Amino acid sequence: MNGMTKIEVRPAHPVEFEAVAGLRWRWVAEQGGLPGAGRDEFVREFAVWARKNAATHRCLVVVREDQVIGMGFLAITARVPTPLAFSRASGDVQCVYVVPDARDGGLGGLLIEAILRLAAELGLERVTVHSSERAVPAYERHGFAVSPKLLQAQARPRLSVGGPR
1 MNGMTKIEVR PAHPVEFEAV AGLRWRWVAE QGGLPGAGRD EFVREFAVWA RKNAATHRCL
61 VVVREDQVIG MGFLAITARV PTPLAFSRAS GDVQCVYVVP DARDGGLGGL LIEAILRLAA
121 ELGLERVTVH SSERAVPAYE RHGFAVSPKL LQAQARPRLS VGGPR
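Here it is, written out as structure tokens:
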């Protein structure tokens with residue numbers, strides 16, 4: 001990162017959701033994914049989705065010289081109330097991405113920090129992330145750790161309707 005280049009990490013403005021969608025498209029393409037829809041259609045639909053889900057999926061962006069070069073989402077999920085706390089929620093970090101020519105300069109870490117600050121401001125009880133192997137050290141540097149109590153299973157369709165047999 002050049003000291004003269006203006007870098008900003010902040011919540012995305014709704015007019016930037018198309019740029020965020022372009023980053024999402026680029027990320028999937030880099031992973032070798034073959035998108036089902038055309039890029040223009042995806043960008044349009046993603047922007048609609050992002051606007052519709054803005055309350056539960058907070059998007060933060062990295063902007064360099066007025067260009068969106070990174071993104072990350074904090075997905076917020078309401079939790080079941082307890083007698084001690086009626087209003088409860090947790091968060092999940094999703095879709096953290098920085099364009100290849102801006103990687104390894106700390107911008108991903110700035111996004112993670114901004115997402116964790118937002119989670120704290122919202123009073124979230126915990127924040128999880130499903131990370132790529134390459135990004136695990138970055139998350140660990142920002143306080144993420146393996147939890148023996150947080151388990152994961154693959155959803156699978158039910159073979160029969162009507163409950164267990």
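Counting from 1, one number per residue, gives the positions in the sequence shown under UniProt numbering.
Ideal Cβ placement from N, Cα and C applies to all residues, glycine included.
Fair warning: this is a prediction, and the values are worked out from it, not measured in the lab.
Measuring CB atoms only, is the stretch 40-56 touching the stretch 85-99, in the sense that at least three cross pairs come out at less than 8 Å? no
Considering just the uninterrupted stretch of the beta strand (DSSP E) at R79, what are its terminal residues? Q67 to R79
Over the uninterrupted beta strand (DSSP E) stretch that includes P137, give me the two end residues. Where P137 is concerned, there is no enclosing beta strand (DSSP E), although the alpha helix (DSSP H) it sits in stretches over V136 to R141.
Compare the C-alpha of G105 against each of S131, A138 and V28 and name the closest. A138
Among the candidates P148, L107, Q94 and T77, whose CA atom is the shortest distance from the CA of L124? T77
In whole angstroms, what separates the C-alpha of R158 from that of L151? 20 Å
Can we say the stretch 109-120 touches the stretch 62-82, given the rule of at least three CB pairs closer than 8 Å? yes
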